[in-house]
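Student: Numbering (the numbering used here), first residue to last: 128 to 521. We put the CB at the ideal spot given by N, CA and C, even for glycine. For clarity, every value in this text was computed on a predicted model and none was experimentally measured.
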Amino acid sequence: MKTAIAEPAPAGASAPALNAAAVGNPPPAGALPGKLFAIALAGGVAVCYARWWAAMDGYEVVILALAAAGLVYAGNAWPPLRAFMAGTGAVASLLCWQLGRDIGGAVAVDNLASGPVSQPVLLGSGALIGVATLASIAGWVGQRARLAAIGRAATWSGLGLAAAAFLTRWYESYRIGAGMGHIPVSNLYEVFVVFIILTGLMMLYMASRYRAAGFTVFTLPLLCAAYAFLFWYGGVRGAGAITPLIPALQSYWMKLHVPANFLAYGAFSIAAMLGGARLLSGRRFMRSRMPDPAWIDEAVYRAIASGFACFTVATILGALWAAEAWGGYWSWDPKETWALAVWLNYAAWLHLRMLGKVSAPVLAWWAVAGLFVTLFAFLGVNMYLAGLHSYGSL
């Protein structure tokens with residue numbers, strides 16, 4: 128028996144309010160009470176302060192408190208995120224505890240750098256996202272709720288394992304030795320993991336915000352492609368090893384600039400995938416499986432607007448970092464030049480949309496094309512152009 132998994136919105140309807148019971152937005156393990164979640168986070172921050180206060184500078188003390196406050200806010204705005212973070216924290220804690228017991232026995236510290244324990248966890252994460260992609264597409268095409276539910280559960284689980292692997296790698300870097308510890312956003316391998324986690328979570332949020340499970344169908348293949356690159360880069364190229372930070376990366380700016388950049392890249396990627404969905408939305412097959420085109424237009428706009436805001440902040444932070452590391456705010460390095468091209472591209476998109484001078488289909492095409500500009504700024508520059516950002520090269 129077939130059961131519809133998404134209902135199209137009536138023409139002209141406004142975007143729905145966030146609804147925890149909406150299709151595409153079931154909590155991964157039940158809704159965790161907001162107060163309990165906030166208390167648990169506060170307890171975790173207190174433990175970190177008690178254990179590592181002597182090793183923390185003023186910046187780290189403040190940023191930890193602000194990060195916890197931000198997570199509480201995000202969890203209250205989107206309740207499924209609370210259960211996701213609690214589950215991820217539990218898995219990462221178990222992995223780190225087991226790793227701490229094994230170091231010196233089954234696991235040698237010297238081997239952690241070349242073969243981090245977090246890598247097999249990433250493999251499991253990629254396998255789950257592959258299952259999620261197949262199940263979600265099959266459930267969406269056949270309008271079968273059970274397959275769609277399997278796809279959602281596998282998506283949440285896969286992203287949870289990726290986040291746990293990220294946290295475990297962070298812990299591993301500190302266990303290797305003095306001078307090795309750092310947040311894992313220092314090279315292309317590590318930031319690809321960040322991209323997968325952030326893009327996946329934004330995808331699930333957009334699917335819930337617009338009550339459209341079909342949104343995940345268009346974005347999950349992008350995550351599969353990211354995993355394929357990650358496994359090739361880490362396996363064939365041996366880029367998964369944990370290495371010490373070069374001097375230019377030994378800065379607190381890195382901990383702000385890189386996450387802001389990849390929030391933007393994730394949002395732009397989702398906008399491109401939804402732009403493709405918008406271009407196909409007029410077909411008969413799509414009408415019963417996607418929201419009204421006006422809703423998709425709104426989703427593309429919100430993705431680009433949020434990505435543009437994050438990218439603007441990231442660019443400003445990057446300029447401040449460059450002034451500290453290289454003595455100047457802007458040097459027309461290839462990475463900086465292409466970052467400016469990305470910024471101008473989406474600034475023009477937002478400007479023309481607000482003026483109402485460009486039709487929705489053209490804006491959808493533009494969102495798709497914009498991904499190629501972003502992709503070149505992200506990867507192409509590293510592959511073909513040399514510059515100050517050579518630490519991110521392939």
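(1) Could you tell me the alpha carbon to alpha carbon distance between GLN270 and VAL385, rounded to whole angstroms?
(2) With a CB to CB cut of under 6 angstroms and the five nearest residues on each side skipped, what residues in its chain are close to VAL508?
(3) Would ASP184 be called buried (16 or more neighbouring beta carbons within 10 Å of its own) or exposed?
(4) Leaving out the 5 sequence neighbours to the left and right, which residues in its chain are closer than 6 angstroms to ALA430 when beta-carbon positions are compared?
(5) Only counting the same chain, and skipping five residues up and downstream in sequence, which positions put a Cβ closer than 6 angstroms to that of LEU249?
(6) Does DSSP put PRO155 in a helix, a strand or coil?
(7) Classify LEU163: buried if its beta carbon has 16 or more other beta carbons within 10 angstroms, exposed otherwise.
(8) The alpha helix (DSSP H) with TRP359 in it runs from where to where?
(9) Taking the Cβ atom as the reference point for each residue, do ARG405 and PRO311 lie within a distance shorter than 9 angstroms?
(10) Could you compute how far the alpha carbon of TRP422 sits from the alpha carbon of THR295?
(11) Using C-beta distances below 7 angstroms, list every residue in its chain close to ALA441, excluding the 5 sequence neighbours before and after it, in chain order.
(12) Per DSSP, what kind of secondary structure is GLY139 in: helix, strand or coil?
(13) Which residue wins for smallest C-alpha separation from GLY365, given the options TRP205, GLU317, LYS382?
(14) DSSP three-state call for GLY197: helix, strand or coil?
(15) With distances taken between CB atoms, is the gap from PHE438 to TRP470 smaller than 9 angstroms?
(16) What does the alpha-carbon distance come out to for the pair PHE319 and GLN246?
(17) Compare the Cα-Cα distances from MET417 to each of LEU376, ILE264, GLY497 and report the closest residue.
Tutor: The answer reads as follows:
(1) 39 angstroms
(2) PRO461, LYS462, TRP465
(3) exposed
(4) ALA394, ILE397, ALA398
(5) ALA292
(6) Only weak support is given to the placement of PRO155: the predicted model assigns it a pLDDT of 45, under 50, and the question is left unresolved by the model.
(7) exposed
(8) 341-362
(9) no
(10) 39 angstroms
(11) HIS384, ALA387, ASN388, ALA391
(12) For GLY139, the pLDDT reaches just 40, beneath the cut-off of 50, and the residue's location in the model is therefore unreliable, leaving the point undetermined.
(13) GLU317
(14) helix
(15) yes
(16) 13 angstroms
(17) ILE264
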